[in-house]
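Below is one structure; the comments refer to it alone.
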Amino acid sequence: MKSEFKAKLLQHLLSNKDSEKGFTLIELLVVIIIIGILAAIALPSFLNQANKAKQSEARTYVGSLNKGQQAYFTEKSKFGPNIDVLGVGIKNTTSNYSYNSVANGTGTTNTTALTNGQSTVVAIRSYAGLVSLSQVAASSDVTSLAILCEANAPGLAVATAPTGNATAQPACGANTQPVGQ
C-alpha cells in the first residue's frame with residue numbers, strides 16, 4: 001500500500017471515532033442500578049416525613065390543651081371537665097386524632113387534668129399530657145406542672161397516662177417518652 005493511502009485510511013478511521021461517541025448498555029445499566037439503590041435508601045425517610053407532620057398536630061393540640069387546663073385552673077381554681085369549657089378552639093376529633101381532656105377528682109381534690117390525643121391512623125403515634133398541682137417548697141403557694149408524652153410505637157391505642165401528684169414531678173407512663181426533653 002502506498003503511504004499516502006495509509007495516511008488517508010488512518011485519518012478516516014480516526015475521524016469516524018468522533019461520530020461513534022456515547023454510552024454503552026452496561027454503563028447505562030450501572031447508572032440505573034445506582035439510582036435505584038439511592039431511591040430505596042431515601043424513600044422510607046421521605047415517606048416518614050408525612051407521618052411526622054401528622055404527629056405535630058397532636059403535639060400542638062395536646063400541649064395547647066395542657067395550657068388551657070392551666071389557664072382554666074388559674075381562673076376557676078379547678079381543672080376543666082372537658083375540652084369545650086377550656087376555650088382553646090380545638091375540635092374533639094380531626095382526621096388523624098381523637099382528643100379528650102378530663103379533670104381527675106372534684107372540688108378541692110381536683111389536682112390533676114389528663115389530656116389524650118389518640119391516633120385514628122395506624123401509622124402515627126398517640127400522645128398524652130398531664131397537668132398536676134404541686135406545693136411550692138417552704139410556702140403555701142401552689143403551682144401547676146405539665147408534661148407531654150409520646151407513645152414509643154405507632155398505633156391506635158391510647159398513650160399510657162402520665163403520673164404526677166403534689167409531691168412528685170409529672171412523669172411519662174409505661175411505653176411513652178417525654179416530648180421536648
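First residue of the sequence shown? That's 1 in the UniProt record's numbering, and the numbers climb one at a time after it.
Don't be surprised by glycine CBs; every beta carbon is placed ideally from N, CA and C.
On the DSSP letters alone, give me the boundaries of the alpha helix (DSSP H) that I33 sits inside. Taking the sequence shown and counting its residues from 1, the one referred to as residue 33 is at position 33. L25 to K76 is the extent of the alpha helix (DSSP H) around I33.
Are T160 and A128 closer than 8 Å when you measure CB to CB? By 1-based counting over the sequence shown, the position of residue 160 is 160. By 1-based counting over the sequence shown, the position of residue 128 is 128. It is a contact, given that the beta carbons lie within the stated cut-off.
Do you know offhand how far S144's Cα is from S132's? The sequence position of residue 144 within the sequence shown is 144, counting from 1. The sequence position of residue 132 within the sequence shown is 132, counting from 1. So the alpha carbons of these two residues sit roughly 5 Å apart.
Do you know how far the Cα of L9 is from the Cα of G22? For the purposes of this step, residue 22 is identified with residue 22 of the sequence shown, where counting begins at 1. For the purposes of this step, residue 9 is identified with residue 9 of the sequence shown, where counting begins at 1. Spanning the two alpha carbons is a distance of roughly 23 Å.
For L13, name the three-state secondary structure that DSSP assigns. The count along the sequence shown starts at 1 and reaches residue 13 at position 13. The answer is helix: DSSP assigns L13 an H, G or I state.
Residue closest to K52, alpha-carbon to alpha-carbon, out of G105, S3, E150 and S77: Looking up residue 52 in the sequence shown gives position 52. Ranking G105, S3, E150 and S77 by Cα distance to K52 puts E150 first.
Sort out for me which residues DSSP pairs T143 with in a bridge. The residue labelled residue 143 in the question sits at position 143 within the sequence shown. S134, per the DSSP bridge assignment.
DSSP-derived helix/strand/coil call for S95: Position 95 of the sequence shown, counting from 1, holds the residue named residue 95. It is coil, neither helix nor strand.
Take V85 as the anchor and find which of S95, A153 and Y72 has the nearest alpha-carbon. To locate residue 85, count along the sequence shown from 1; it is residue 85. It is Y72 whose Cα lies nearest to the Cα of V85.
DSSP-derived helix/strand/coil call for A7: For this step, residue 7 is matched to residue 7 along the sequence shown. Here A7 sits in helix by DSSP.
Identified DSSP bridge partners for V102: Along the sequence shown, read from residue 1 onward, the residue named residue 102 stands at position 102. Paired residues: L114.
Report the rounded CA-to-CA distance for A50 versus I37, giving the unit in angstroms. Here residue 50 corresponds to residue number 50 of the sequence shown, with the count starting at 1. Here residue 37 corresponds to residue number 37 of the sequence shown, with the count starting at 1. Their backbone Cα atoms lie some 22 Å apart in a straight line.
Starting from T176, trace the beta strand (DSSP E) both ways and give me its first and last residue. Residue 176 sits at position 176 when you count from the first residue of the sequence shown. First-last of the beta strand (DSSP E) with T176: T176 to P178.
Give me the DSSP bridge partner(s) of T163. What you label residue 163 is simply residue 163 of the sequence shown in a count that begins at 1. Bridge partners of T163: A171.
Would you list the residues sitting across from residue 183 in a DSSP beta bridge? What the structure shows of the chain is the stretch from 1 to 181, and residue 183 is not part of that stretch, so it cannot be assessed.
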